[in-house]
Amino acid sequence: MENTSDMIIRNVRPWGKAPSDVTIVDGYIADIRPHQQAEISPPPGTILDGEGRILLPSFTDSHVHLDSTRIGQPFKPHTAAPGVWNMIMNDRKNWRQENESAETRAASTLGRMIARGATRVRSFAQIDADCGLERYEAVAFAKKFHQSRADVAIVAFPQAGLLLEDGVPSLMEEALRNGADEIGGIDPCGLDKDPVRHLDVLFGLAEKYQVPVDIHLHEPGDLGLFSIQLILERTRALDMKGKVSLSHAFALTGSPTEQTLKVISELAELDVAITTVAPAGRPSLPLEALTAAGIRVGLGQDGQRDYWSPYGNCDMLDRTWQLAFTNGFRKDSLIEHCVAIATIGGASVIDPKGYRLADALDRPGLSLGDPAELVLVAGETVAAAVMDRFADRTVIHQGQVIAAQGRLLEASETA
Ligand SMILES: [Zn+2]
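Pasting the structure below:
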């Protein structure tokens, strides 16, 4: 019996290499061979003309806040005063005042991300005394709405602290009972100013519900390194190797020092992952040193045009350019490394059992047996595609074309 999930992508260049024909069977890459100009007898199943475009693993957004997005809403001037607490309060004052519900905004933003090539996503959902589980439910709606197009992990996230307002830990627990996939923390010293209690509550819930932990760590320098030590202690004590991520990790930015290299090796030993949103205005994470140490590194877009920042356009290829740009990379191999981080690197952050980058020259995700989570992008070379960021994309999830030319295909076309 013909397997209707089969597909041949003709004339694509895996990681920018020679034109190839790639066969997909049951959602996995089953064959890759040099492109044949003429098919004498077309095989059964779908044929997708790659038109000579570059084939890449699909993007992974490993750090996005779908609950706060204002993508698609009328642009508003930025009104928040500087400082994390001011940003939190400004967002709290405004986030409900939109033309569309949080559910609709989250689903439409996720749809745009998918249409631009992301099929693997880790999104935060703010839980606090003001919003309760409203924002979690918005992200859960978006996840369900696009369940046939992307794999989404939701992190219950105490953006306004775990301890500063009453009832937040029990709300976090409620989100976990309602299906949140992971639990988040934030600046244990800098925000809650009680790092031991913050981390004990956080890791206690992680252990109780057997979920991974992802901690926003904006704390710089020695303060951040101190928090990392407390996080490592708990990761070790609870045997949570491979289940902890640090977002931002500003304490590790800049050229590696003897002190930060020691911390990096401790993080590697406990398989703690790191994600970045490639921020401007500060030193970058030492990507090559992190990858060389065996640390899983992912890239994300953070908030999308929200009350925190006007930046963000749902395009992980754009954010990949930003990662290369903020690192000052010019060499093609380093720009391609950014693509590897934005695709397979992030996938291994969300799923530690997935393939992890061996080194900065590793270009995985397109071998026989790999899942057909793919994106076709226009461009001369991979580095050129990052510089040009053409809108011409085709997105494949579980072996099915789900988006083309920046638009999601209708459900009937993907069935
Ligand atoms: Zn964040």
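Numbering (this note's numbering), first residue to last: 11 to 425.
All C-beta atoms in this analysis are idealised placements derived from N, C-alpha and C, irrespective of residue type, glycine included.
Can you name, in chain order, every residue of its own chain whose Cβ lies under 7 Å from the Cβ of E390, other than the five neighbours on each side? none
Rounding to the nearest angstrom, what Cα-Cα distance links M99 and V221 in this structure? 29 Å
What is the C-beta distance between L233 and C199, in whole angstroms, given that I count them as a contact (C-beta under 8 Å)? 5 Å
For I57, which residues in the same chain have their Cβ closer than 7 Å to its Cβ, ignoring the five residues on either side in sequence? I18 and R20
6 Å CB neighbourhood of T129 in its chain, flanking five on each side removed: S68, A160, E383 and H407
Rounded straight-line distance, which links the Cα of H45 to that of D16: 18 Å
Would you decide whether N96 is buried or exposed? Buried here means 16 or more other CB atoms lie within 10 Å of its CB. exposed
Could you check which residue in M123, A152 and A125 has the C-alpha nearest to that of S111? A152
Using a threshold of 7 Å, is the CB atom of F260 nearer than that to any non-hydrogen atom of ligand 1? no
Does ligand 1 have even one heavy atom less than 7 Å from the beta-carbon of H228? no
If you draw a straight line from the C-alpha of P92 to the C-alpha of S319, how long is it? 11 Å
Closest to G379 by C-alpha separation, out of I42, W25 and E183, would be which residue? I42
How would you call N5, buried or exposed, if buried means at least 16 neighbouring beta carbons within 10 angstroms? Residue 5 lies beyond the residue range present for the chain, which begins at 11 and ends at 425; the question has no answer from this structure.
Can you find a heavy atom of ligand 1 that lies under 7 Å from the Cβ of D312? yes
What is the C-beta distance between P168 and I137, in whole angstroms, given that I count them as a contact (C-beta under 8 Å)? 6 Å
Per-residue burial, L297 [other beta carbons within 10 Å of its own, 16 or more giving buried]: buried
With 16 other CB atoms within 10 Å as the buried threshold, where does P84 fall? exposed
With a CB to CB cut of under 8 Å and the five nearest residues on each side skipped, what residues in its chain are close to H156? A117, L120, G121, I124 and V162
Local conformation of N21 per DSSP, three classes: strand
S257 CB to nearest heavy atom of ligand 1 below 7 Å: yes
Rounded separation between R373 and I164 - CA only: 27 Å
Bridge partners - Q410, DSSP secondary structure assignment: H407
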